[in-house]
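Residue numbers (our numbering), protein chains in the order written: chain A, 1 to 310; chain B, 1 to 262.
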């Protein structure tokens, strides 16, 4: 539904978005993940026509955003939850949106109920809202026109764990009904919980994309966290095999894949209470891909687009 | 260099053929509503009405016999409005940029020209209301407290002149707001520039001889006094309006169309 092709945005000599291409399909939540300043917001702003691209194209269902009549009825947008007049009440902010789009006022109450803002909160002025309430109101505003596409920039920002779970449910059911969702975050855990597809972006370039499993399959596990009933016995067994062992918290860190540690434990009949990879998680991958990306040099292995078509 | 080599998969298209554009009257209605749905906006509107009423009351009490005429009451009404209406025009634009609600405004209506057109329409409508309020208080005061001959020389053309004065005030503000996109800067310059300009014109002989053609305050004075304007004075009003209202408006429109909405 969303198609971004060779999109570039330069500010003077700085390239905020550097030749990126991706698609978002209906029925899926696509997570746009990258550190602050990676180009996520710029890409989303270009998508909705607030920023002009230097080159390339971003379309929604084949249209430039600016060509969509009454775009709020087709595309729900939340770019910055805080960008509202502090003197308006939450209800008034939604009312202005509903008026613009030509929606009945009853829609405002429906949306307030959907995002669990009660009457008292809805009639409070925006400047007195907590960050979480602002996010809920922003999501209500994005959903006002019953759009089939959602573009949300950092929607989970400021939500508490219960709020994040609520949003996951909301977006999941929205996608299950055939909606298309593109959301961004700089926090891996949020996106990991909510998104089906992941696009990792660093310094304006896409460094990896695909579903979680296909992204992880590209990484090798080379170290392990392990805790045994008798750690000393395990150290002895591991050192006998020539592995590097150090203590880490209540357990051990071993510079070898988890399966080798398991094997060593099994061979010596040692009971393990915890065994997991110390690297190669999505977090590790995210950090390694986004921290040291050279702007013109993408690690060939990471830059795979496999899974993007899923 | 590897990501772009793979062709992108197809995506389904969005059928928008049955969706009508945002209606212009709705857009204008929303712009009008935005002027009073915040506490600051509400009090600005209320203070315009209140101060207009107050100054008429003061004039009734303070004027000497024979001075309580409709043109004088009208001049009293016009004085505070001349100060406050440009602020209303300025805030119509700049409060969106200051509070960043333009992010929402321009995502709901991507055509920035249409948004500005709706703001201009809203401003013109507010100008009409302001003129009605100003005339209403002045007329009421004249009927209740006017001296004999208070209506002498007042014709229907007075309505047009009052309307024009009010519209010029609010549109001047709107143009300043558009070009500066910042409330404080626009309000200060809106007051300061004409004063500075008048001072410069009064001491600089070369500019002084053209003052009527380029100084909006100067050119507006006969209009505010409900005098009969000569054709030269009408032309002076036109050229100074071109310089102070139309030119900044066009420059502001270009700026807003090209600006990256942050």
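Don't be surprised by glycine CBs; every beta carbon is placed ideally from N, CA and C.
Which term fits residue 7 of chain B, buried or exposed, when burial requires 16 or more other beta carbons within 10 angstroms of its beta carbon? Using a 10 angstroms sphere on the CB of residue 7 of chain B, the tally of other CB atoms stays under 16, which defines it as exposed.
Positions along the region 20-53 of chain A whose CB lies within less than 9 angstroms of some CB in chain D: Given the protein chain composition of this structure (A and B), no chain D is represented.
Going straight from the alpha carbon of residue 294 of chain A to that of residue 278 of chain A, what length do you get? A caution first: residue 294 of chain A carries a pLDDT of 45, below 50, which makes its placement in the model too unreliable to give a value.
Inter-residue spacing [alpha-carbon to alpha-carbon] between residue 239 of chain B and residue 253 of chain B: Taking the CA atoms as reference points, residue 239 of chain B sits about 20 angstroms from residue 253 of chain B.
Any idea what DSSP makes of residue 48 of chain A, helix, strand or coil? Collapsing the DSSP output to three states places residue 48 of chain A in coil.
Counting C-beta neighbours from all protein chains within 10 Å, is the total for residue 228 of chain A 16 or more, i.e. buried, or is it exposed? With 16 or more Cβ atoms within 10 Å of its Cβ, residue 228 of chain A is classed as buried.
Tell me whether residue 11 of chain B sits in a helix, a strand or coil according to DSSP, three-state version. In the three-state reduction of the DSSP assignment, residue 11 of chain B falls in the coil class.
By alpha-carbon positions, which one of A/264, A/248 and A/225 ends up nearest to residue 242 of chain A? Of the candidates A/264, A/248 and A/225, the one whose C-alpha sits nearest the C-alpha of residue 242 of chain A is A/264.
Would residue 238 of chain A pass as a contact of residue 246 of chain A if the rule is Cβ separation under 8 angstroms? It is not a contact, given that the beta carbons lie outside the stated cut-off.
With 16 other CB atoms within 10 Å as the buried threshold, where does residue 173 of chain A fall? Under this definition residue 173 of chain A is an exposed residue.
Going by DSSP, name the residue or residues bridged to residue 157 of chain B. Answer by DSSP bridge pairing: none, since residue 157 of chain B is not bridged.
Classification of residue 231 of chain B by the beta-carbon crowding that lies within 10 angstroms, buried from 16 upward: Residue 231 of chain B sits exposed, since fewer than 16 C-beta atoms from the chains shown fall within 10 Å of its C-beta.
Residue 3 of chain A - DSSP class collapsed to helix/strand/coil: Here residue 3 of chain A sits in strand by DSSP.
CA-CA distance, residue 304 of chain A and residue 209 of chain A? With a pLDDT of 43 at residue 304 of chain A, under the threshold of 50, the modelled position of that residue is not reliable, and no figure is offered here.
Does the CB of residue 284 of chain A have a neighbour CB from chain B at under 8 angstroms? Between residue 284 of chain A and chain B, the shortest Cβ-Cβ separation is not below 8 angstroms.
With burial defined as no fewer than 16 other Cβ atoms inside 10 Å of the residue's Cβ, what is the status of residue 199 of chain B: buried or exposed? So residue 199 of chain B counts as exposed.
With DSSP run on the structure shown, which of helix, strand or coil describes residue 34 of chain B? Helix, per DSSP.
Alpha-carbon spacing of residue 221 of chain A relative to residue 91 of chain B, whole angstroms: Those two C-alpha atoms are separated by around 59 angstroms.
Taking one C-beta from the region 120-130 of chain A and one from the region 139-150 of chain B each time, how about it: are there three or more such pairs within less than 8 angstroms? With a cut-off of 8 angstroms, the region 139-150 of chain B and the region 120-130 of chain A do not count as touching, because too few Cβ pairs lie within range.
Can you determine whether any heavy atom of the ligand NAP sits closer than 7 angstroms to the C-beta of residue 155 of chain B, and answer yes or no? As for the ligand NAP, it is missing from this structure, which has no ligand bound.
Exposed or buried, residue 246 of chain B, counting other C-beta atoms within 10 Å across all chains shown (16 or more means buried)? Per the 10 Å Cβ criterion, exposed.
Given a threshold of 16 other Cβ atoms within 10 Å of its Cβ, counted over all protein chains shown, does residue 39 of chain A qualify as buried or as exposed? In the assembly as shown, residue 39 of chain A is a buried residue. Its beta-carbon has 16 or more other beta-carbons within 10 Å.
Can you name, in chain order, every residue of its own chain whose Cβ lies under 7 angstroms from the Cβ of residue 112 of chain B, other than the five neighbours on each side? The residues are 106, 256 and 257.
State yes or no: is the beta carbon of residue 73 of chain B nearer than 8 angstroms to at least one beta carbon in chain A? Closer than 8 angstroms: no.
Please list, in chain order, the residues of the region 82-105 of chain A that have any C-beta partner in chain B closer than 9 angstroms. Per Cβ criterion, the list reads 82, 83, 84, 85, 86, 87, 88, 89, 92, 93, 95, 96, 97, 99, 100, 101 and 102.
How about residue 68 of chain A and residue 16 of chain B: do their beta carbons lie closer than 8 angstroms? Inclusion of residue 68 of chain A and residue 16 of chain B in the CB contact set at 8 angstroms is warranted, their separation being smaller than that value.
Go ahead and pull the three-state DSSP assignment for residue 334 of chain A. As shown, chain A starts at 1 and ends at 310. That puts residue 334 of chain A outside it, with no answer to give.
Quickly, what does DSSP pair residue 185 of chain A with across the bridge? List them, please. Looking at the DSSP assignment, residue 185 of chain A forms a beta bridge with A/33.
Burial state of residue 140 of chain A (16 or more Cβ within 10 Å): Residue 140 of chain A should be labelled buried.
Using beta-carbon positions only, say whether residue 149 of chain A and residue 136 of chain A come within less than 8 angstroms of one another. Not in contact: residue 149 of chain A and residue 136 of chain A (Cβ atoms no closer than 8 angstroms).
Residue range of the unbroken beta strand (DSSP E) whose run includes residue 70 of chain B: Careful: residue 70 of chain B lies outside any beta strand (DSSP E), inside the alpha helix (DSSP H) at 70-99.
Are the C-beta atoms of residue 130 of chain A and some chain B residue less than 8 angstroms apart? No Cβ of chain B is located within less than 8 angstroms of the beta carbon of residue 130 of chain A.
Inter-residue spacing [alpha-carbon to alpha-carbon] between residue 13 of chain A and residue 205 of chain A: Cα-Cα distance, rounded: 16 angstroms.
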